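>
Numbering (the working numbering), first residue to last: 39 to 523.
(1) Report all residues from its chain with a CB closer than 7 Å to the CB of residue 333; omit the five preceding and five following residues, and keep chain order.
(2) Give me the residue from 472, 64, 47, 463 with the minimum Cα distance to residue 251.
(3) Please confirm whether residue 218 and residue 156 have their CB atoms less than 7 Å apart.
(4) Starting from residue 329, follow the beta strand (DSSP E) in both directions and report where the run begins and ends.
(5) Kindly provide the ranges of any beta strand (DSSP E) runs that are 3 or more residues long and lie completely inside the stretch 350-378, ordered along the chain.
(6) Beta strand (DSSP E) containing residue 65: first to last residue?
(7) Could you name the residues of the same chain whose beta carbon sits closer than 8 Å to that of residue 377, not counting the 5 residues immediately before and after it, in chain order?
(8) Which whole-angstrom value is the C-beta distance of residue 53 and residue 61, which I expect to be below 8 Å?
(9) Compute the distance between the beta-carbons of residue 469 and residue 506, then report whether it is under 7 Å.
(10) Using 8 Å for Cβ pairs, my map puts residue 395 next to residue 372. What's the rounded Cβ distance?
(11) By Cβ distance, which residues of its chain are closer than 8 Å to residue 299, with the 5 residues on each side in sequence left out?
(12) Reducing DSSP to helix, strand and coil, say where residue 14 ends up.
(13) For residue 288, count neighbouring C-beta atoms within 10 Å of its own C-beta (all shown protein chains included) and say buried if the count is 16 or more, exposed if not.
(14) Are the stretch 236-247 and the stretch 75-90 touching by the rule of at least three beta carbon pairs closer than 8 Å?
(15) By Cβ distance below 7 Å, which residues in the same chain neighbour residue 206 in space, the five residues on each side in sequence not counted?
(16) Please list, in chain order, all residues of the same chain as residue 246 whose beta carbon is under 8 Å from its beta carbon, the five residues on each side excluded.
(17) Taking C-alpha atoms, which residue in 66, 262, 95, 329 lies nearest to residue 234?
(18) Could you give the residue range of the beta strand (DSSP E) that holds residue 321?
(19) Quick check on residue 106: does DSSP put it in helix, strand or coil?
(20) Counting only C-beta atoms, is residue 74 closer than 7 Å to chain D at any point?
(21) For the alpha helix (DSSP H) that contains residue 226, what are its first and last residues?
(22) Report the residue from 305, 331, 82, 203 whose alpha carbon sits nearest the alpha carbon of residue 428.
(23) Quick one: what does DSSP say residue 81 is sitting in, helix, strand or coil?
(24) Taking residue 263 as the reference, which of 296, 276, 282 has the closest Cα?
(25) By DSSP's criteria, residue 441 is part of a beta bridge. Which residues make up the other side?
(26) Have a look at residue 97 and residue 129 and give me their C-alpha separation to the nearest angstrom.
(27) Taking buried to mean at least 16 other C-beta atoms within 10 Å of its own C-beta, is residue 423 buried or exposed?
(28) As a quick exercise: from 127, 406, 315, pick the residue whose alpha carbon is nearest that of residue 357.
(29) Taking the continuous beta strand (DSSP E) assigned at residue 394, which residues delimit it?
(30) Quick one: what does DSSP say residue 131 is sitting in, helix, strand or coil?
(31) Considering residue 159, what are the terminal residues of the beta strand (DSSP E) in which it resides?
(32) Cα separation between residue 225 and residue 136?
(33) How would you call residue 408, buried or exposed, if buried means at least 16 neighbouring beta carbons within 10 angstroms?
(34) Could you work out which residue in 182, 195, 230, 231 is closest to residue 208 when comparing CA atoms only?
(35) Please name the residue, chosen from 127, 472, 302, 418, that lies closest to residue 327 on a Cα-to-Cα basis.
(36) Assuming residue 295 is part of the alpha helix (DSSP H), what are its boundary residues?
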């Protein structure tokens, strides 16, 4: 049984892919990793700089956005080497999409050549070309898709076929194309009425990410948190012609507790991962790469030493592929398997690693063993890893360790509190450190109290790294405990 559990009505939105009840992939969406790349804005030209052949656009953010001449529609479509002063005037209204977020003193980089990304294709309203993913190597297939794209596009439209496009029928691609084209048309009409500056389109929602990034056809059912989430999910599934069971969680027990996945965050952050055979993985992060060490630990095989080591390494290879998905580890990865002296054993382990990483939604390249005996591999980095997203340098140990961010911790608190929603008591007492209490009171207290229909009273304790739910009771009783503390 393959299930997707989707929580969209929460502080931290989560999608969990389960196979036979085991966590196999994880998508987390929260405010702290909010990325404006891909967002579309109504802006106004603030300054044209002829010497740079560029302009600065006010899109309503702290810094003006930077627009190069080559990213202007009129320049691309004219085919003439026009000066930017003839293309843009100060005060002009313009719709742009963010290509690169602001870094340091520099504002975001934008383009007028807006893109609408789908699961199988990317629609380019003013692209003027058809492109096929390089990962589709078959020339006949590439030509087939190119011809099909040419038959769909009109005027200056364009399309990029993603790798998955060669696995779906023409009708599905056509439906997606129409959907994206309609989105673009709707946004153009919206931009005419919207104020300047203003945001017209946000980044992908977690529902869109699930449908676009995961192999939905392999899923047996969805379990979602609310009726509204179900409606949004079904609407997105229908775009691609998917018809899958979507069930709203009705049990009084919390969604994650009910499916025994309430500890997914801990699993995605724990440095040591134990294998069934008693061996373990140690996962460490550096600025340059991720290092994974395979240890035999408690494993004692009954076969020869060579067979024992190979067996441990093969199981480790399977688990490593899974951990890359769960933790969303990207960039360079080095794996220190237990030493193997025969090439055939090394080949067996590499075969398992390549087979399992081929299931990944991100591109993974297993390069092979280096001269030092380490396996070198890379995984495409599209977003922050769970380690980067959910943890920060520890406040209590001179920043030598890591701890959950306040946002990640309040998401855990929300899940824990939901188990007390049906209790009759009017208030709940929570013990935690002062910095976290201040964060909750400033950002989330009203939301949490309304959700659980109880007043929340905090007890300060610097000995508590996370939080501890002390007790439920009458409000005046808990306030007295707070004052006497």
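Note that CB positions come from ideal geometry on N, CA and C, so glycine has one too. Keep in mind that this is a model prediction, so the values were computed, not measured.
So, from the listed chains and residues:
(1) 317, 318, 320
(2) 64
(3) yes
(4) Looking at the DSSP string, the run of the beta strand (DSSP E) that includes residue 329 is 328-333.
(5) Within the stretch 350-378, the complete beta strand (DSSP E) runs of at least 3 residues are 369-374.
(6) 60-67
(7) Closer than 8 Å at the Cβ level, and outside the excluded window around residue 377, lie 347, 411.
(8) About 11 Å; that fails the 8 Å criterion.
(9) Their beta carbons are under 7 Å apart, which means residue 469 touches residue 506 by this criterion.
(10) Rounded to whole angstroms, the Cβ separation of residue 395 and residue 372 is 15 Å, and the two are not in contact under 8 Å.
(11) 43, 54, 56, 61
(12) A query on residue 14 cannot be resolved here, the shown segment of the chain reaching from 39 to 523 and no further.
(13) Residue 288 comes out exposed.
(14) Here the stretch 236-247 lies against the stretch 75-90, with 3 or more beta-carbon pairs under 8 Å apart.
(15) Hits under 7 Å: 158.
(16) 274
(17) 95
(18) 318-323
(19) strand
(20) Within the model displayed, chain D is absent; a lone protein chain is all it includes.
(21) 208-231
(22) 305
(23) Strand.
(24) 296
(25) 430
(26) One C-alpha to the other measures close to 12 Å.
(27) Buried, by the Cβ-count rule.
(28) Among 127, 406, 315, the Cα nearest to that of residue 357 belongs to 315.
(29) Annotation for residue 394: no beta strand (DSSP E) segment contains it, though the alpha helix (DSSP H) segment containing it runs 381-395.
(30) strand
(31) Counting along the chain, residue 159 sits inside the beta strand (DSSP E) bounded by residues 159-162.
(32) Just so you know, the alpha carbons of residue 225 and residue 136 end up roughly 15 Å apart.
(33) exposed
(34) 182
(35) 418
(36) Membership of residue 295 in the alpha helix (DSSP H) is indicated by the continuous run 293-296.
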